[in-house]
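Below: the structure, in structure tokens.
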Amino acid sequence: MFLAIEEMRQSKLRYGLVLGLLVLIAYLVFFLTGLAYGLMQQNRAAVDKWQADTVLLSSEANKLITASHIDRHLADDVVADEKALLKQQAGAAWVKEDASSDDKEKISVFAIEKGSFIEPNIVEGRLFEKAHEVVVDKSLGEKEGFELGKMIHLSAFDEPVTIVGYTDRAAFGVAPVVYMDFDDLPTTSKVPNQDDVTLVSGIIVRGEVTAHPEELEKLTTADFIEHLPGYKAQNVTFAFMIGFLVVIAAIVVAIFIYVLTTQKAPIFGLMKIQGLSNGFISASVVAQTFLLSGLGTLLGLVLTYLSSLALPSAVPFENNWIFYGGVGISLILFALMGASFSVRSIFKVDPLQNLS
1 MFLAIEEMRQ
11 SKLRYGLVLG
21 LLVLIAYLVF
31 FLTGLAYGLM
41 QQNRAAVDKW
51 QADTVLLSSE
61 ANKLITASHI
71 DRHLADDVVA
81 DEKALLKQQA
91 GAAWVKEDAS
101 SDDKEKISVF
111 AIEKGSFIEP
121 NIVEGRLFEK
131 AHEVVVDKSL
141 GEKEGFELGK
151 MIHLSAFDEP
161 VTIVGYTDRA
171 AFGVAPVVYM
181 DFDDLPTTSK
191 VPNQDDVTLV
201 SGIIVRGEVT
211 AHPEELEKLT
221 TADFIEHLPG
231 YKAQNVTFAF
241 MIGFLVVIAA
251 IVVAIFIYVL
261 TTQKAPIFGL
271 MKIQGLSNGF
281 ISASVVAQTF
291 LLSGLGTLLG
301 LVLTYLSSLA
311 LPSAVPFENN
321 WIFYGGVGIS
331 LILFALMGAS
341 FSVRSIFKVD
351 PLQNLS
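If you read the sequence shown in the UniProt record's numbering, its first letter stands for residue 1, the second for the next number, and so on.
Laid out in structure tokens, this is it:
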């Protein structure tokens, strides 16, 4: 380690360039990881808040809540530890009365029964108590015109609604959630020769489901999330991007270390003449790689965290230190694996060639 550090001190510019490149690569990898995790949470955060075990959807919905329409009376035939009814509807919200205005925000409406376990936590204000009152995710409340007490317009309503409370970490389908009373969102289906049938999108269950009508499909919460539109494809895309960047970083480190090692072949020959073993010299090269990759990874992580503090709320970025830890360890390990090619060249150095 001493030899590795001393050599880096003597060649500050050379190793500084290598370190700078590693910092930029690590910063890019960590930033993409934060974006991937942020987008993941934007898809599923509201579902995670349920802390549910099972979701029941109509069997024809192809595991999509947006396509699920269930007769409310079927919920009475569901035998479960704890269940809650949910109406879900995608839409838009805006402040001005003109529906053609450009200030519309994409939202997802959750109509729930008061007192059910999927009721949102309130971080500011209060829960809705009467018709045309809503609770919105705080990210929506940060936008102009969506403050507490303000009246906004929703695409599902003819009349404006009033924001009475904020909740946090409530996003679904990359859109903030607007919560309202179950009976405030009219969802009916007109069937010939029948009265209007009240429909729900899904039945959320906490605990065990011991019986349910065959018209319903039972999904675990994990399976339900996995089938959210675009969720799996998005995660796989980011996983491949991050994985390739880690491999590219390892290749770059290996190339730089290999070039530096071959340039120092005469020096290694003299060191062998002085009695230094191949193992000692190889350990020095590995130590240099470890220091460079470790320091570059750490500085890239610091830059990522500082960037996250300056990003606007519109950017779906979220830090996850467990993911960062895994990515950081991968960067270092792959860099060390890449440096192993340089170690092989050390063993091939013939000290007799340096006697002349």
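C-beta atoms are modelled at their ideal positions from N, C-alpha and C, and glycine is treated no differently.
Pairwise C-alpha distance: residue j and residue i
| i | j | result |
| --- | --- | --- |
| residue 88 | residue 120 | 14 angstroms |
| residue 198 | residue 67 | 15 angstroms |
| residue 126 | residue 110 | 16 angstroms |
| residue 321 | residue 33 | 10 angstroms |
| residue 155 | residue 218 | 30 angstroms |
| residue 299 | residue 23 | 6 angstroms |
| residue 277 | residue 268 | 10 angstroms |
| residue 371 | residue 207 | It is not possible to answer for residue 371, since the shown part of the chain is limited to 1 through 356. |
| residue 186 | residue 21 | 57 angstroms |
| residue 245 | residue 25 | 8 angstroms |
| residue 330 | residue 45 | 27 angstroms |
| residue 297 | residue 287 | 15 angstroms |
| residue 249 | residue 270 | 32 angstroms |
| residue 165 | residue 144 | 16 angstroms |
| residue 150 | residue 74 | 37 angstroms |
| residue 327 | residue 313 | 24 angstroms |
| residue 275 | residue 302 | 42 angstroms |
| residue 157 | residue 251 | 57 angstroms |
| residue 283 | residue 344 | 12 angstroms |
| residue 76 | residue 203 | 11 angstroms |
| residue 399 | residue 16 | Residue 399 lies beyond the stretch modelled for the chain, which goes from 1 to 356, so this question has no answer here. |
| residue 292 | residue 9 | 12 angstroms |
| residue 240 | residue 53 | 30 angstroms |
| residue 148 | residue 90 | 22 angstroms |
| residue 192 | residue 115 | At residue 192, the pLDDT of 44 sits below 50, so the modelled position is not reliable and the matter cannot be decided from this model. |
| residue 190 | residue 96 | With a pLDDT of only 45 at residue 190, under 50, the local geometry of the prediction cannot be trusted, and no value is derived from it. |
CB of residue i within 9 angstroms of CB of residue j, strictly
| i | j | result |
| --- | --- | --- |
| residue 163 | residue 146 | yes |
| residue 136 | residue 174 | no |
| residue 124 | residue 141 | yes |
| residue 71 | residue 132 | no |
| residue 200 | residue 78 | no |
| residue 55 | residue 304 | no |
| residue 182 | residue 113 | yes |
| residue 281 | residue 346 | yes |
| residue 176 | residue 108 | yes |
| residue 318 | residue 27 | no |
| residue 333 | residue 19 | no |
| residue 229 | residue 35 | no |
DSSP-derived helix/strand/coil call for residue i
| i | result |
| --- | --- |
| residue 358 | Given a span of 1 to 356 for the chain in the structure shown, any question on residue 358 remains unanswerable. |
| residue 91 | strand |
| residue 126 | coil |
| residue 223 | helix |
| residue 9 | helix |
| residue 157 | coil |
| residue 438 | Within the shown structure, residues of the chain are numbered from 1 to 356, placing residue 438 beyond reach of any answer. |
| residue 181 | strand |
| residue 137 | strand |
| residue 146 | coil |
| residue 291 | helix |
| residue 316 | coil |
| residue 311 | coil |
| residue 206 | strand |
| residue 334 | helix |
| residue 84 | strand |
| residue 201 | coil |
| residue 112 | strand |
Own chain, CB closer than 7 angstroms to residue i, minus 5 neighbours either side, in chain order
| i | result |
| --- | --- |
| residue 42 | 171, 174 and 316 |
| residue 289 | 253, 257, 335, 336 and 339 |
| residue 225 | 44, 47 and 231 |
6 angstroms Cβ shell around residue i - same chain, five flanking residues per side excluded
| i | result |
| --- | --- |
| residue 104 | 92 and 94 |
| residue 342 | 257, 258, 261 and 285 |
| residue 153 | 94 and 160 |
Beta-carbon contacts of residue i that lie in its chain and below 8 angstroms, excluding the five residues immediately before and after
| i | result |
| --- | --- |
| residue 39 | 174, 234, 238 and 316 |
| residue 14 | 260 |
At least three beta-carbon pairs within less than 8 angstroms, the stretch 300-312 to the stretch 250-269
no
Do three or more CB pairs link the stretch 210-227 to the stretch 43-62 at distances below 8 angstroms?
yes
Taking one C-beta from the stretch 80-94 and one from the stretch 234-249 each time, how about it: are there three or more such pairs within less than 8 angstroms?
no
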